[in-house]
Structures are given as structure tokens and as C-alpha cells.
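A.B. asks: For any residue, its number in our numbering is found by taking its place in the sequence shown, counting from 1, and adding 4.
C-beta atoms are modelled at their ideal positions from N, C-alpha and C, and glycine is treated no differently.
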Amino acid sequence: MSQAKYIFKIVVLGDGAVGKTSLIKRYTEEKFQSDYILTIGANFAVKNIEVDGVVVKLQIWDLAGQPQFKEVRGSFYRGAVGAMYVYDVCRVESYNNLLNWKAELTKICGEIPGVLLANKIDLVDYRKVTPEMGAELAERLGGVPYFETSAATGVGVAEAFQKIAELVYKAATQK
Ligand code: G3D
Ligand code: MG
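Right under this line is the structure:
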């Protein structure tokens, strides 16, 4: 792929253990460019992706664990142009908490494009959050596209990343 024309910072949000790191690793094929944890308790992976025939570089930011110190999360959010909201379909609390994650992000970044990921759908027998509930949350998060994903099987993962790339690309080029 040729040189990227754009670089976009994307933040992946959600409670601990919902599958954020697994999703990023699945998508970037474990090629974390920065395998170290920055002092802000975050790191990022990069991947080039094509949107409308244009190569864009996604810089995908991940929180390492869940830093207790909200102050440092400012550096995590700052400069983000897109968000991926992730919950675990087996844990209702992780679903409910996404509104708090969005509020924290919005304080620093304002309204930015997002996508919602209902993760771990391979765990069929343990599922508690229905697709209908997922669609409802997608509305409450501002009408964001909704994806059912599994970092374990890979289903839905590339589609979700492709969509956020399209949304941030559109936002950046339609000004
Ligand atoms: P986090 O980065 O959001 O904290 P992780 O979450 O990516 O570390 O994932 C937490 C645990 O959930 C991991 O299990 C991981 O393998 C598992 N996991 C993540 N996504 C999926 C999924 O789609 N399906 C299933 N079945 N498991 C998933 P461990 O046991 O390593 O802690
Ligand atoms: Mg993680």
C-alpha cells in the first residue's frame, strides 16, 4: 500500500476485560507498533486502511488496564477524531457504562464520530445483552453504527474498523 495521506487517532473505550486489546490485536494482526505502555497508561497500534481509494493511517489507542487517575486520561483522549465503544454482551454493566465513557470523551473532544461494538458474541450461552438493546444504545450514543463482534472468531471486527475509518475520513474531508 502506498504512503498514507491522512493519520487519524481513534480511541477504543469500554470497561476492563470487554475485549478492547483483543479486538485491536485481531485487527492489526498483533503488529503493535508501540508495544510499550506510555506513562499515561495507554499505547497504540497503527494500521493503514483504504477508504474511497485513499490510504489512511489509523492510530488506534488502547488503555492498559483501567487507570484510576482520570487526570491522565486527558492525554489519552486528546486529539482523538473517532471512538470505538466496546461492551461485553455477557456483562450488562459494561453495556450501561458506555454512556459514562462517552461523557468523559466528549468533555475533551466534543462530539466525534463513533461506532458501537457488542463483543464476545461467540459466547452464545452466556449472552445477556440482546441485539435490540445494542441497537438502542447505539441510538443513545448519537446514532452510531452498531456491530456484533468477536475478537475470538474475528466476526465483525474488520467491518467495524472499516466503518470508523470511513466516518473519520468523511468528517476530515467534508469541512
Ligand atoms: P480489555 O483490553 O478490554 O481489558 P482483553 O480486554 O482484550 O484483555 O480481553 C479480556 C478477556 O476476554 C481475555 O481473556 C480475552 O481473551 C477475552 N476476550 C476478548 N474478546 C473476546 C471474544 O470476542 N470472545 C471471547 N470468548 N473472549 C474474548 P483472558 O482469559 O485472556 O483474560
Ligand atoms: Mg486491554
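1. Quick check on the DSSP output: the alpha helix (DSSP H) that includes TYR99 runs from which residue to which?
2. Cβ-heavy atom distance between GLY138 and the ligand G3D below 6 Å?
3. In terms of residues, what are the limits of the alpha helix (DSSP H) holding GLN166?
4. If you check the beta carbons only, do VAL163 and VAL55 fall under 7 Å apart?
5. Per the contact definition of three or more C-beta pairs closer than 8 Å, is the segment 13-33 in contact with the segment 89-100?
6. What do you reckon, is the C-beta of THR177 under 6 Å from a heavy atom of the ligand NAD?
7. For the alpha helix (DSSP H) that GLU54 lies in, which residues bound it at each end?
8. In this structure, does DSSP put GLU194 in helix, strand or coil?
9. At least one CB of chain C closer than 7 Å to the CB of PHE80: is that the case?
10. Report the option in LYS9, LEU62, TYR130 and ILE44 whose CA atom is closest to the CA atom of ALA68.
11. Drop a sphere of 10 angstroms on the beta-carbon of PRO117, count the other beta-carbons inside from all chains shown, and report buried for 16 or more, exposed for fewer.
12. Express the C-alpha separation of LYS13 and VAL60 in angstroms, rounding to a whole number.
13. Are the beta-carbon atoms belonging to LEU62 and VAL161 less than 7 Å from one another?
14. Take VAL76 as the anchor and find which of THR32, ALA46, TYR10 and GLY138 has the nearest alpha-carbon.
C.D. replies: For this structure:
1. For the purposes of this step, residue 99 is taken as residue 95 along the sequence shown, with counting starting at 1. Looking at the DSSP string, the run of the alpha helix (DSSP H) that includes TYR99 is 96-100.
2. Along the sequence shown, one-based indexing puts residue 138 at 134. Every heavy atom of the ligand G3D is 6 Å or more from the Cβ of GLY138, so no.
3. Start at 1 with the first residue of the sequence shown, and residue 166 comes out as number 162. Unbroken alpha helix (DSSP H) run through GLN166: 161-177.
4. Here residue 163 refers to the residue found at position 159 of the sequence shown. Here residue 55 refers to the residue found at position 51 of the sequence shown. Looking at the sequence shown, residue 163 is not Val but Glu. No, these two residues do not count as a Cβ contact at 7 Å.
5. yes
6. In the structure on display, the ligand NAD does not appear, and the ligands it does have are the ligand G3D and the ligand MG.
7. Taking the first residue of the sequence shown as position 1, residue 54 is located at position 50. It is not in any alpha helix (DSSP H) - GLU54 instead sits in the beta strand (DSSP E) that spans 46-55.
8. The question about residue 194 has no answer here: the residues shown for the chain are numbered 5 through 179.
9. In summary, chain C is missing from the structure at hand, where a single protein chain is found.
10. Looking up residue 68 in the sequence shown gives position 64. Among LYS9, LEU62, TYR130 and ILE44, the Cα nearest to that of ALA68 is on ILE44.
11. Along the sequence shown, read from residue 1 onward, the residue named residue 117 stands at position 113. Label assigned to PRO117: buried.
12. Along the sequence shown, one-based indexing puts residue 60 at 56. Along the sequence shown, one-based indexing puts residue 13 at 9. Distance between VAL60 and LYS13, taken at the CA atoms: about 11 Å.
13. One-based indexing of the sequence shown puts residue 62 at position 58. One-based indexing of the sequence shown puts residue 161 at position 157. Not in contact: LEU62 and VAL161 (Cβ atoms no closer than 7 Å).
14. Taking the first residue of the sequence shown as 1, we reach residue 76 at position 72. Checking every option, the nearest Cα to that of VAL76 belongs to ALA46.
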